[in-house]
Amino acid sequence: MAPLAVLALAALAGSASAADFQKDVRPIFVKRCAGCHGAANQMNGFRVDRRDEALRGGYSGPALVPGDSANSRLTHLLTGQQSDLNPKSLLMPPGKKLPDAEVAVLKAWIDAGAVWPEERAATAKRSSHWAFAPPEKTDAPAVRDGAWVRNPIDRFVLAKLEAKSITPSPEADKATLLRRISLDLTGLPPSPGELRAFLADASPDAYERAVDRLLASPHYGERWARWWLDQARYADSDGFQKDLVRPHAWRYRNWVINALNDGMPFDRFTIEQIAGDLLPPSASPEATVEQIVATGFHRNTLTNREGGSDPGQYRYEQLVDRTNTTGLVWMGLTMGCAQCHDHKYDPISQKDYYSLFAFFENAEEKNIDAPLPGEMGPYLRVRPDYVAARRALLDEYKIPPLQAEWEKYMIEAADSPNYKPGYDAAMRRLRVYLDHGERILRKPNAARTEDEARMLTAFFAQDYSVVVPAERYKELRFDEFRKKLAKLDASFPGLTKAMTLTEAEHQQSTHVHIRGDWARKGVAVTPAVPEVLPPLPQGKPPRLALAEWLVARDNPLTARVIVNRLWQEYFGRGLVNTPDDFGTRGAQPTHPELLDWLAVTFMDQGWDLKKVHRLIVTSAAYRQASHVRQDLQTVDPYNELIARQSRLRLPAELVRDAALAASGLLVPTIGGKSVVLSKPAKREDTDYAGELALAAKGSPEVYRRGLYLHFQRKTPDPMLMNFDAPNSFAAVCRRERSNTPLQALNLLNDPAFYESAQALAVRVLREAGPSFNERTEHLFQLCLSRAPEPRETERLLSYFMQEKRLLEGDAKAIDAAFPFALRGVDPAEGAAWVGASRVVLNLDQFITRE
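Throughout the sequence shown, residue numbering follows the numbering used here, covering 20 to 869 in sequence.
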């Protein structure tokens, strides 16, 4: 019998050595394993229907080692024998050992390299996706109509048009062009003086000089800061139910405006925001502070301060947001799809996701002093006297020993709930109302910054009443102490603060989170970028290495993603019409060679954003008229071929800015704190309302640009939301443009627009000649940057006369509409001009960039 057994085993071995996945291996997996480890279920995080997941293994680590079945955990589980790879002698499938022949087939298949032919082909296909290949700068194509071409962009556009026998649209008139570039580059319409000067300038480079003037304007930084802040998910509050105010968030917005106005190259712009705290100190202390302020980009994530929320859970959610945002903003990838499992369409594994997540695992939130020019001198002059006065006040009320005891019990309450009455509630309040309160509490006194010590003492003074009887609190005269402390602190000229990131003192490891569950950790991972992309440079702190990798020359995504979003702002749609998805499910580029040419040119020119702006707006493609053409309705209804310009409704903030600019109310101050124009009527409506200080009615702050309006995530300004401003919960790469009745009602009745109409009427009456036609022309020049057509003048005159007749004799209505005294102006006439101004401010053309 022995010889026969040998022969049988030899035959089995021969069969196994020729194991074919489709024929021999897949049937075993389907029959024996897929029920628990297939597409529907992945027990212990393991699945056998995909090669990448099978090789990676489950929560216990890799299951297959291609080419080495002896060291593959799977084969040890199939036999159920105890070993280092199977210490618990587990048997798979449970309770029923596989036939020896099937085990031999699987071993032979693993030893042969564990090949999945179709999976390998699918991975190769995904990895060869156009966006994962480096951009190549091809020569601009030859075209028949060379006279139309103003720069290389036009050759790419015109070649497509000529291939379809389509002619481009004629150039827009000069007035339209100036209004277009003014709104696109600064977000503000041209003044009548600027328009007159431009129309009178017959020099061949008049347009280019106008572009250069606008790019040099400080308002350029404001206009394009809004574009970036959408992607940075900027807001002035935390979000969630509490939605507490972030009084220092604006300091990051200031940095963005200044960086753009200063022409900071986009690669540096990126590196400072991702890892400015890890860069070497700059030549001056001020510049060093600014590069740290830039890390406020990732402080814009939502923060949950609700009672009962788990700090570990919301920290995980913040890290998820930072990971998703980084992938979306710079790479144009939907990284979030790999948080719970491998990406369904793109070559991004769950391990890739948490490897990117690992770059932010050890970044710690920190508020720092970020003084503005002129703040440091007064601060240093009075600081010694302030410190001495504060110390004396604390000693007078015996605060240091009381606070030390309170801190001891607070830490014990945090470590052992229900340890001491009242302290559990005090600890919850500390976590909610003081930024990083528990972390400050646990620091030794000597390690606390001056601000941390001051904030903790202020919190102690307010909340001590929670842990001591009311009689004791009164006996200690804490109410008196708090008033004196508040008065002293208010007298001290503090420094502007900024919300930033820094490296944590104590580093921790990162793990794959099973099914995206913050509480279930799987295998450990280290900081790394998706395997489908070029490798990370070595030798630098991980987060800094990531920042430099994002703008490395061999990164195929970032330059393409950014120039595509710039193009989108000018033409209404990108060359890739999915600006937030450059993966395999995203749109194909309409002009792939142009996209790559722009991306490489962007890098070649030192990542200079202003040069890209100038290149686009000086092209003939950009300068086309925006009139809809009947001949294109069928062949190119969405203007993908760029045979004309696009009419684009202004973004929400710019609608308000245009009304303020036309009326003369706009206060053009650059930078500064956010302006609060309104808040909930009742304190109990929200948790944050008491923290907001309203701008005084009629004060200059009220008339600042929309960029500076305080944005409360839970209750944003209704006007902004009616005009499609994003809610700032997540990064937004393209604003939607809707058309609703609410928008017209906003323009007609919103107090800000009504006040603008009143001021506009006064401006027209003061600046224009006495005739109706002169005033109408000035009104149109201020609002639409053009003269009215005869039919428009006739219709407005008809409305004006009707409005004047309705108002005559109604002193109350006249006074409400026109509470001004202008020499030589009848109040009823003035009120009628307010009505006429409201009409023009409500025109579609007023809120549209032609």
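We put the CB at the ideal spot given by N, CA and C, even for glycine. Note that the coordinates shown come from a computational prediction; the quantities given were computed from them, not determined experimentally.
Per-residue DSSP class, three states only, for residue i
i      : result
His532 : strand
Glu181 : helix
Met740 : helix
Asn319 : coil
Lys629 : helix
Asp71  : helix
Tyr667 : Sequence check: residue 667 is Leu here, not Tyr. If DSSP states are grouped into helix, strand and coil, Leu667 belongs with the strands.
Val694 : strand
Arg868 : strand
Leu96  : helix
Asp388 : strand
Thr812 : helix
Gln527 : coil
Met111 : coil
Gln731 : coil
Gly80  : strand
Asn765 : helix
Other residues of its chain near residue i: CB distance less than 6 Å, five sequence neighbours each side excluded
i      : result
Ile387 : Ala517 and Thr519
Cys52  : Val67
Thr94  : Ser88 and Lys126
Gln292 : Ala313 and Phe316
Asp255 : Arg265, Ala268, Ser693, His729 and Phe730
Leu6   : Absent from the model: residue 6. The displayed extent of the chain is 20 to 869, so no value can be given.
Val122 : Leu97
Asp43  : Val124
Leu347 : Asp599 and Ala750
Leu391 : Thr515
Gly258 : Leu321 and Arg732
Pro171 : Ala159
Tyr239 : Leu204 and Thr205
Own chain residues within Cβ distance below 7 Å of residue i, not counting five before or after
i      : result
Ala564 : Leu555 and Pro556
Tyr483 : Trp425, Tyr492 and Phe497
Val401 : Phe511 and Pro512
Lys630 : Gln624
Supposed contact pair residue j and residue i - C-beta distance, whole angstroms, cut 8 Å
i      : j      : result
Gly331 : Trp537 : 7 Å
Arg287 : Ala244 : Actually they do not touch by this definition, with Cβ atoms about 16 Å apart.
Ile581 : Phe285 : 6 Å
Ile185 : Leu660 : 6 Å
Pro575 : Ala294 : Their Cβ separation, rounded to whole angstroms, is 21 Å, which puts Pro575 and Ala294 out of contact at 8 Å.
Gly725 : Arg675 : 4 Å
Met738 : Ala671 : 7 Å
Through-space distance from residue j to residue i, alpha-carbon basis
i      : j      : result
Ser510 : Arg501 : 14 Å
Ala141 : Asp600 : The pLDDT assigned to Ala141 is 49, lower than 50, so where the model puts this residue is not dependable, and the model offers no usable value.
Ala712 : Pro770 : 19 Å
Glu822 : Val858 : 12 Å
Lys559 : Ala382 : 15 Å
Val531 : Val544 : 7 Å
Gln864 : Leu475 : 54 Å
Leu667 : Ala780 : 27 Å
Ala640 : Cys802 : 26 Å
Thr205 : Ile276 : 12 Å
Asp470 : Arg318 : 19 Å
Gly396 : His360 : 55 Å
Gly76  : Arg534 : 14 Å
Pro656 : Ser638 : 22 Å
Ala216 : Phe590 : 27 Å
Gly57  : Pro546 : 29 Å
8 Å Cβ shell around residue i - same chain, five flanking residues per side excluded
i      : result
Glu457 : Pro330, Ala433, Met446, Leu449 and Arg450
Glu181 : Val162, Arg163 and Asp164
Glu703 : For Glu703, the predicted model reports a pLDDT of 47, less than 50, meaning its position is unreliable; a value from the coordinates is still stated below. Nothing listed; no residue qualifies.
Arg467 : Ile459 and Leu475
Check whether the region 739-753 touches the region 836-845, counting contact only when three or more Cβ pairs, one atom from each stretch, lie closer than 8 Å. no
Report yes or no: do the region 651-670 and the region 305-317 share at least 3 C-beta pairs separated by less than 8 Å? no
With three or more beta-carbon pairs closer than 8 Å as the criterion, would you say the region 437-454 touches the region 360-376? no
Flag this pair as touching only if the region 593-613 and the region 162-176 have three or more C-beta atom pairs under 8 Å; answer yes or no. yes
Closer than 8 Å is the cut-off here; do at least three beta carbon pairs connect the region 242-251 with the region 492-500? no
Does the pairing of the region 812-821 with the region 843-857 give three or more beta-carbon distances under 8 Å? yes
With a cut-off of 8 Å, do at least 3 Cβ pairs link the region 222-238 to the region 191-200? yes
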